[in-house]
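Per our numbering, residue 3 is the first one in the sequence shown, and the count goes up by one each step.
Even for Gly, the Cβ is constructed at its ideal location relative to N, Cα and C.
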Amino acid sequence: MRAEPVELRDILPTFLDAAEARVDRELDGRSLLKIAAGQTEGWRPWIDLEHNVCCSASNHWNALTDGRQKYIFHARDGEEQLFDLPVN
């Protein structure tokens, strides 16, 4: 298991990298192949997550994670959560 924070937007760049496909534009995510090989220099130190009101007014939150801890702030009621994420 790796400690670097990754997200869904890293999947497409990873598949394209694995297929050695030529990409003509910049993508939001980054290929996971380098960190899988232990090359972590320059990898993002954290991820900012946001979920705005869409399906329910009660589901409005912001979060921040570095892959080791995750902080969540619920904008509707001010509730806060802090999680220690397991890293093996």
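Next item on the list: Tell whether a beta-carbon distance below 7 angstroms holds between residue 31 and residue 12.
Entry: The answer is yes: Cβ separation under 7 angstroms.
Check: Between residue 6 and the rest of its own chain, which residues show a CB-CB distance below 7 angstroms, the 5 nearest in sequence each way excluded?
Finding: Residues 37, 42, 45, 69 of the same chain have their beta carbon placed closer than 7 angstroms to that of residue 6, with the five preceding and five following residues left out of the count.
Next item on the list: Have a look at the DSSP bridge pairing and note the partners of residue 84.
Entry: Residue 84 is bridged to 73.
Item checked: Of the residues 27, 77, 66, the one placed nearest residue 85, counting alpha carbons only -> Closest in C-alpha terms to residue 85, from the list 27, 77, 66, comes 66.
Notebook entry, point to check: Distance, Cα to Cα, residue 60 vs residue 24?
Noted result: In this structure, the alpha-carbon of residue 60 lies about 42 angstroms from that of residue 24.
Note to self: The alpha helix (DSSP H) that contains residue 16, what's its start and end?
What the structure shows: Residue 16: member of the alpha helix (DSSP H) spanning 13 to 20, first to last residue.
Next item on the list: Following the continuous alpha helix (DSSP H) through residue 38, name the residue where it begins and the one where it ends.
Entry: That run of the alpha helix (DSSP H) goes 35 to 38.
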